[in-house]
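In this note's numbering, the protein residues as written are 1 to 133.
Okay, so here's the structure we're looking at.
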């Protein structure tokens with residue numbers, strides 16, 4: 001398990017698991033120690049460490065599923081032809097990409113506003129023409 005994944009799990013479970021239990025699980029899940037080594041260090045049973053690790057793995061699975069659901073929901077709200085991305089690159093490239101994305105977003109907002117104004121104008125003209133009849 002990666003350190004960022006473990007840190008996310010730690011945040012999710014810090015209210016329900018003791019700091020020692022989380023530290024013992026980290027020894028197994030991140031550092032590669034055995035269940036027995038973690039149990040000995042924190043003066044708990046090997047089974048207690050195993051249960052904590054299992055609970056954290058189950059929570060990780062639910063967390064990943066929730067992230068997939070969130071990502072799908074976000075994708076559904078994007079304009080046609082748009083994609084969402086996470087960029088890990090040199091700062092200059094990230095800044096340039098952000099500036100381009102912000103400009104495209106502003107252009108899209110302007111486009112939507114113009115379409116809305118045109119729709120209102122058309123509706124207003126239709127109402128006027130029916131008022132004359």
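Heads up, the beta-carbon is just placed ideally off N, CA and C, and yes, glycines get one too.
For the candidate residues the options, whose alpha-carbon lies nearest to that of residue i?
i: residue 17; options: 30, 120, 5 and 52; result: 52
i: residue 45; options: 102, 60 and 21; result: 21
i: residue 79; options: 34, 107 and 47; result: 107
i: residue 62; options: 101, 76, 8 and 37; result: 8
i: residue 89; options: 98, 60 and 114; result: 98
What span of residues does the alpha helix (DSSP H) with residue i cover, start to end?
i: residue 4; result: 3-13
i: residue 60; result: 46-77
i: residue 19; result: 19-29
i: residue 38; result: 35-42
Cβ atoms of residue j and residue i: under 9 angstroms apart, would you say?
i: residue 39; j: residue 49; result: yes
i: residue 42; j: residue 24; result: yes
i: residue 84; j: residue 69; result: no
Cβ contact check for the segment 11-22 and the segment 55-65: 3 or more pairs under 8 angstroms: Counting Cβ pairs under 8 angstroms, three or more are found: they touch.
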